[in-house]
Every structure is written in structure tokens, then in C-alpha cells.
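Residue numbers (the working numbering): 15 to 494. For every residue, glycine included, the Cβ atom is placed at its ideal position computed from N, Cα and C. Bear in mind that the values here come from a model prediction, so they are computed numbers and not experimental data. Down below is the structure, laid out as C-alpha cells.
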Amino acid sequence: MNENGLGRYNRGGTSLLMLMVAGLLTLGPICASVSEDLSNINADVIVEGDWLVTMQPGQAVIGDGAVAVKNGLIVAAGPRQRIATAFRARRTIDGEGRVLLPGLVNAHTHAAMTLFRGFSDDKALMDWLENYIFPAESAFVNDEFVRVGTTLACWEMIRSGTTTFVDMYFYPDVIAEIVDQCGLRAVIAPAIMDHPFPGSNGWQESFDIAVDFIKRWQGHERIVPAFGPHAPYTVSAEHLREVAVKARELHVPVTIHLAETKDEFAKIQSKYKLTPVQLLDEQGLLGPNLIAAHVIWADPADIALLAAREVGVIHNPTSNLKLASGIAPVPAMLDAGIAVGLGTDGAASNNDLDLWEEIRLAALIHKAHNSDPKVIPALSALRMATSSGAKAIGLGDEIGVLSVGRKADMIQLSLKNRPHAIPIFNIISHLVYSAKSSDVVTVMVDGKVLMENGQIATIDEAMTLENVRTINHAITKTLP
Ligand SMILES: [Zn+2]
């Protein structure tokens, strides 16, 4: 939090200061703080869980717990009985047979690419990108495509328990309008590149669009506007520097694809005599406001540099496996103290936005890759999708942990009568190795319910289905 209590990127909404004025923060941190004499404090809603997974360091799980919410913020989290005694809420969301945890953070995606799901599979990144995806985007992507594709993505993410995502794509105002309407939280980065793409004729126009977008949306309570230079191989060094300077001036994050393939590493080496990570450092881009996706081809010196500059790194295991880009050195990055988050990447290279699959793969592939089953234990994998992911995208003081003063972004999974979920010895093990996205039944962002008992409140599913069919039909018609 900064001195205004409004977080790193200076959004509006209810501030910690307001809560302190209301006397609620005197409860202090988590469960032990709910004192018996503070009975009947008003709350908007209490959410319960047979297991409360707070992701607090040192106290990740509380049995039979609850969280009290007021004005979109968590005002208490702890044992259910103590919360029930201390607070009088307008409503309570029952937690029987349910686990309550922070909403998931999908820290790298291209939401509207849901409409290219399954469009082109089983190819290497450069072939896939240059011969299939870029041409398809220039043929089909317009503001309506982004409106429908982003709505479909938000529907899929809400249903699977993602409450915050980092998006890099075209027509950013359309993306922001959809996020505003559906109630999710997002860092939205207009893609900017040297060559023309949908909605822009090249660098200068795309840069100007990004600056205008940032100025228009800065201050929104759930949307953090950002810069999205696509990659070091699609944006010149000079332009990367321009982004670094402007992002510092506007006080916004930057997200980029970095060191994704061996090919990129070789290209950057031969052009600049630097690694991709060193190139970004030379241009002034490495810093706490950088969200770097992939970072597979990074040597120990690169990793040390990323750690020293406090860069957030986003691991995308499914996309990296599918495009055979490689396996990111995540254990070494965690050892170096880097905040590592998880992303699905776009649905054209995944092919879904199910973060539970990324959690499980992050916990599994590094064990095999390092011949060590102790690497990335279950709790570390879950941290990447919650607290560490939040930190990696610059929202570590606001979301990712269920504790007093944080935004009320949380989800419930129902494990009741589900054969894949019994018996239960260790709830963290369950969430990482057994849970399915279809177990998610409740989704709340900023204290507002976006899904309850599996029913989504903020998206017109029938209309979205119809719109997706229409666009799918138009694309299919043009294919040989
Ligand atoms: Zn990507």
C-alpha cells in the first residue's frame, strides 16, 4: 500500500483509511483478532467454509472458518463461530462441504483469443504465430470479435474461479468495458508492436492508443491499465525504452512476452549481443512494475538480474508444453526470491483458461524435469495462483490472501459428494492434485457475488453463446 492506502497503482474505491475511521481495522490481523466484546458489528456478508484457506504465511488453513466483508473489503477472517458472534451480516453464504480461498490470478492471457480455440494446434511458436495466428487476427479481429471473445473468456474464468487476470490484446477499451460489466478485476495492457495489427497501423498509433487508454481508465477500482509491448522480437530496442520512460511517468505496469523460445534468445543475441533479459534491462524496463510472461530461456545471471530488479515472472506451463517452447527454470527463480505467478496464455495455445490445470502442471512438470519430487510442493503451486501471482502483478497488498484490509476477492469450491474429492487428509493437496474447475460454486470480487451455486450473475450466457456461434460460423466459412 502507498501512503494513500490505495495500493501501488492508485485506484479508487473504499480505502483502508475509511475502514480505519470506521474502527474496523482495530480488529488487527486475522482470526485471533476477533475479540469477544466486539459483538454485532455490521458486515455486508459473511462467507463460510469448512476449510478456510487464507494463504497467509504461517497460517494457510483454518478449519471451519469464515470471512466477514464490508464495503468490498475483508474486515475479519477466522474461525466461523467467532466471526458469527462478532458480526451481524445482512446475509451469509453457507460453507458446508466447501473450501473458501482467495480468487485465482490468471496473470497472462489474451482473453479474446477464446474465439481461436482449436484454430491451429501442434505447431512451433514462430510458425504458429507468423503463418496462422497473425494472419487470422488481421482477417477476423475487430471490436466486435474482441467484445464477444472477451465475454466468453470472462464467462470461462468466472466459472473456473479466476477473479483477476492480466490481459494483453487489441481494442483495449472494449476489453475494459466487458471487465467493468462482468465484475472481474484485470490488468489490461493494449498490445503494442512495430508492425500493423488490428486496430492500429503500427508503432506510433498503437503507442498513442495505449497512452490514451491508460489515461482514460486509470483510477478505476477494478481495472489497472498497463502497457503491453508484445515481445523483444516485435518491438525495437528504442521503442522498448520509450515504453519504460512513459510507464514510469504514468506510474503503470508493463507486461511483455520475454525469453519465450530458444529462437528468440538466438535472434536477440545475434542482433544486440545481449540476452533478452539483459536487453530489457539496458532499455530500463526491468523493475517492480514489469510483468514478464514465460522467461524460459534465462541463465543464472538473468535470474539474478530479474530478482534484483523485483520483476514479476509469469509461468505458463500448458502453453510452453504445447508449443514446445521449453520448461521455465521456476525452481531457480523461486530460490532467487522472484515472485512467480501463473498464466494460461491465450486459448489458441492452451486451449482453455482453466488455471487449475496450470496449478497442477506447475506442481508436476518441475518434479520430473529436475528428477526431484520435492520441487514445487503443493502449497508453492497454490501460492503462484494466489498470493505470489498477486505480488507478481503488483497487487500483492490488495488481493491473493484472505486477511483484514484486503479486497474481498474469494471463491468457494464444493467438495461435497464428489468422488474425486474424498477422502480428505490435506486440503492443500486436494486443491492442487484433485480439485477440478467444475468444483467452483461461488465467485466474489470486491465483495460482489459474480457466481453463486454455479449460477453466473453478470454475464448473459445465452446471448454470448449465440454471438460465439455467429463469429465461429464466419471464420469457418473462409477455411478451405
Ligand atoms: Zn501470450
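Alpha carbon of residue i to alpha carbon of residue j, nearest angstrom
i: L378; j: R104; result: 43 Å
i: V225; j: I107; result: 41 Å
i: I282; j: H244; result: 14 Å
i: D316; j: I189; result: 33 Å
i: T490; j: T128; result: 15 Å
i: G360; j: T123; result: 5 Å
i: L39; j: V89; result: Unreliable positioning characterises L39 in this predicted model, as indicated by a pLDDT of 38, which lies under 50. A coordinate reading is not provided.
i: I44; j: L114; result: Its pLDDT being 41, under 50, I44 is placed unreliably by the model, and nothing is read from it.
i: A353; j: G326; result: 5 Å
i: E151; j: G79; result: 47 Å
i: A306; j: D349; result: 18 Å
i: T269; j: N54; result: 45 Å
i: S49; j: D64; result: In this prediction, S49 scores a pLDDT of 42, lower than 50, which makes its location untrustworthy; the coordinate-derived value is nonetheless stated afterwards. Cα to Cα, S49 sits roughly 21 Å from D64.
i: Q195; j: V162; result: 13 Å
i: R397; j: M69; result: 7 Å
i: V291; j: L272; result: 7 Å
i: D222; j: K388; result: 48 Å
i: G216; j: M207; result: 6 Å
i: G468; j: K450; result: 14 Å
i: A91; j: L416; result: 7 Å
i: L166; j: L356; result: 20 Å
i: K137; j: A404; result: 31 Å
i: K336; j: D135; result: 8 Å
i: V83; j: A318; result: 40 Å
i: G419; j: K276; result: 43 Å
i: P433; j: T456; result: 20 Å
i: T478; j: R374; result: 29 Å
i: A258; j: L320; result: 16 Å
i: G72; j: L66; result: 14 Å
i: V454; j: S250; result: 43 Å
i: T358; j: D366; result: 7 Å
i: G298; j: R255; result: 6 Å
Bridge partner(s) assigned by DSSP for residue i
i: T178; result: V119 and R199
i: H308; result: L272
i: Y183; result: P204
i: G79; result: G63 and P93
i: K84; result: L87
i: T400; result: Looking at the DSSP assignment, T400 forms no beta bridge with any residue, so it has no partner.
i: K462; result: V459
i: P149; result: Answer is none; P149 lacks a bridge partner.
i: F133; result: F133 is not bridged to any residue.
i: S214; result: F211
i: I107; result: V61
i: P243; result: I206
heavy atom of ligand 3 below 7 Å from residue i C-beta
i: H122; result: For ligand 3, the structure offers nothing, since it holds only ligand 1.
The alpha helix (DSSP H) enclosing residue i, as first and last residue numbers
i: L264; result: A251 to L264
i: R230; result: W217 to W231
i: V418; result: V418 -> no alpha helix (DSSP H), and no H or E assigned at all.
i: I317; result: P314 to A322
i: A98; result: R94 to A100
i: Q292; result: P290 to E296
i: M127; result: Looking at the DSSP string, M127 is not in any alpha helix (DSSP H), and its letter there is neither H nor E.
i: I441; result: I441 to Y447
i: P345; result: V344 to D349
i: L139; result: L139 to W142
Limits of the beta strand (DSSP E) - the one that residue i falls within
i: W65; result: I55 to Q70
i: V457; result: V454 to V459
i: P331; result: Run containing P331: none in the beta strand (DSSP E); it sits in the alpha helix (DSSP H), P331 to K336.
i: I379; result: Per DSSP, I379 belongs to no beta strand (DSSP E); it is in the alpha helix (DSSP H), L369 to H383.
i: G355; result: V354 to L356
i: K491; result: K491 -> not in any beta strand (DSSP E); alpha helix (DSSP H) instead, spanning E475 to T492.
i: L427; result: M424 to S428
i: V238; result: I237 to P239
Anticipated Cβ contact below 8 Å, residue i with residue j, distance rounded
i: N303; j: P267; result: 5 Å
i: V119; j: T400; result: 7 Å
i: I441; j: L393; result: Incorrect: roughly 11 Å between the Cβ atoms, too far for contact.
i: I473; j: W169; result: 5 Å
i: F130; j: A362; result: 4 Å
i: T248; j: H209; result: 7 Å
i: F227; j: P212; result: So it is not a contact: roughly 15 Å between Cβ atoms.
i: A200; j: F159; result: Not a contact, Cβ separation roughly 18 Å.
i: A406; j: V446; result: About 18 Å; that fails the 8 Å criterion.
i: R94; j: E62; result: 5 Å
i: V459; j: G117; result: 7 Å
Neighbour flag for residue i against chain B, beta carbons, 8 Å
i: G298; result: Among the protein chains of the structure shown there is no chain B, as only one such chain exists.
>> Closer than 8 Å is the cut-off here; do at least three beta carbon pairs connect the segment 296-311 with the segment 342-349?
In response: Taking 8 Å as the limit for Cβ pairs, the verdict is that the segment 342-349 does touch the segment 296-311.
> Counting pairs of Cβ atoms below 8 Å between the segment 479-488 and the segment 400-411, do you hit three or more?
Replying inline: In this structure the segment 479-488 does not lie against the segment 400-411, because fewer than three pairs of beta carbons, one per stretch, are closer than 8 Å.
> Any contact of the segment 175-192 with the segment 418-431, i.e. 3+ C-beta pairs under 8 Å?
Replying inline: Because the criterion of three Cβ pairs below 8 Å is met, the segment 175-192 and the segment 418-431 touch.
>> Assess contact between the segment 179-193 and the segment 229-241, defined as three or more Cβ pairs (one per stretch) separated by less than 8 Å. Is contact present?
In response: Judged by pairs of C-beta atoms under 8 Å, the segment 179-193 touches the segment 229-241, as three or more such pairs exist.
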